[in-house]
Amino acid sequence: MPESVVMRDNGRVNDAEPRVEGAADRGSRLYPRVTSFRSRRGSLTDPQQQAWDRMWPSIGADVSDTPIDIDGWFGRQAPTIIEIGCGTGTATTAMAQAEPHMNLLAVEVYRPGLAQLLQSVEREGITNIRILRGDAMDVLENMLTPGSLVGARVFFPDPWPKARHHKRRLLQPATFALIADRLADNGVLHVATDHAEYAEWIAEAGDAEPRLTRLDWEQLAGGSIDSPMSHERPVTKFEDKAHRVGRPITEMIWGKATG
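Heads up, the sequence shown is in our numbering, so the first residue is 2 and it goes up one at a time.
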């Protein structure tokens, strides 16, 4: 597997607004369970709020129990990819522009990051991105149907390095099972992490899911294995900075077998 470096502004699923404990918190759709994200404060600038007001009603939605009408929301029939933890959307917009024939569902909880993504979508005139704000597991469980995705991307989820916090990690065996169910036959899951111990955890959990098979990165890069989506990740300034300090990443890709 290739070595690269961290793409920080690709975002993490851990960037959330302040969480209020108690009964009101338990009823929030943004935080329906013990989640894989941390609390982080953030407010919108005036330009961000203006972009939010213009764009959110048409391309954004909060999580709910209602399955998504993907064709209706995008206004077309096209293969759909989910990106879990899109952060500020730097990679999201680049990948959407590189794959205009794909629908891209971007999931994140951090509102200022989503506002930056909305600004980019508006500025660049991108039409194939839709945004869901809330817990990715809630989206997978309640808003997507079996076989509705050709691909899933999880780039740099929070490693929660302390053992007592491992239960908060996004990529658990149950998550792999749910993603496998939502993938169509021959669909793929692409994961990247810069945390060595978490990489081992992810590999063990992913390889244990019977419906997923690890794909060889070199063969994918060389085109000898077909994939329904690109596996190129845009390089960012944060990735360049990490390269200078020599921090490697691990890339893992699984494919769902036919039948």
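Yeah, the Cβ is synthetic: ideal placement off N, Cα and C, and Gly gets one too. These numbers were taken from a predicted model, which means no experiment stands behind them.
Tell whether a beta-carbon distance below 8 Å holds between residue i and residue j.
| i | j | result |
| --- | --- | --- |
| V122 | T94 | yes |
| I203 | A153 | no |
| Q49 | Q120 | yes |
| W255 | T214 | yes |
| P174 | A137 | no |
| A92 | A52 | no |
| V189 | M230 | yes |
| D186 | T259 | yes |
| H191 | P162 | no |
| T251 | A206 | no |
| F156 | G223 | no |
| P113 | L171 | no |
| R131 | F75 | yes |
| R1 | K257 | One cannot answer for residue 1 here, as it falls past the ends of the chain, which runs 2 to 260. |
| Q78 | D70 | no |
What span of residues does the beta strand (DSSP E) with residue i cover, start to end?
| i | result |
| --- | --- |
| F156 | L150 to F156 |
| M253 | T251 to K257 |
| I83 | T81 to I85 |
| D54 | Segment D47 to I60 is the alpha helix (DSSP H) holding D54; no beta strand (DSSP E) there. |
Could you check where the alpha helix (DSSP H) with residue i kicks off and where it finishes?
| i | result |
| --- | --- |
| V122 | R112 to E125 |
| M96 | T91 to A99 |
| E198 | A197 to A209 |
| G73 | I71 to F75 |
In the DSSP output, what is residue i paired with across the bridge?
| i | result |
| --- | --- |
| R131 | L106 |
| I180 | Partner(s): none; I180 has no beta bridge. |
| R215 | W255 |
| V189 | G152 and G256 |
| D139 | Per DSSP, none; premise fails for D139. |
| D63 | R134 |
| T194 | T251 |
Taking residue i and residue j to be in contact with their CB atoms under 8 Å, please state how far apart those CB atoms are, rounded to whole angstroms.
| i | j | result |
| --- | --- | --- |
| R184 | L216 | Going by the sequence as given, residue 184 is Leu instead of Arg. Not quite, the Cβ-Cβ distance comes to about 13 Å (not below 8 Å), so this is no contact. |
(request) Please confirm if the region 104–121 is in contact with the region 175–191, defined as three or more CB-CB distances below 8 Å between the two stretches. (result) These segments do not touch.
(request) Say whether the region 143–152 touches the region 64–81, bearing in mind that this needs 3 or more beta-carbon pairs closer than 8 Å, one atom from each stretch. (result) They touch, by the three-pair rule.
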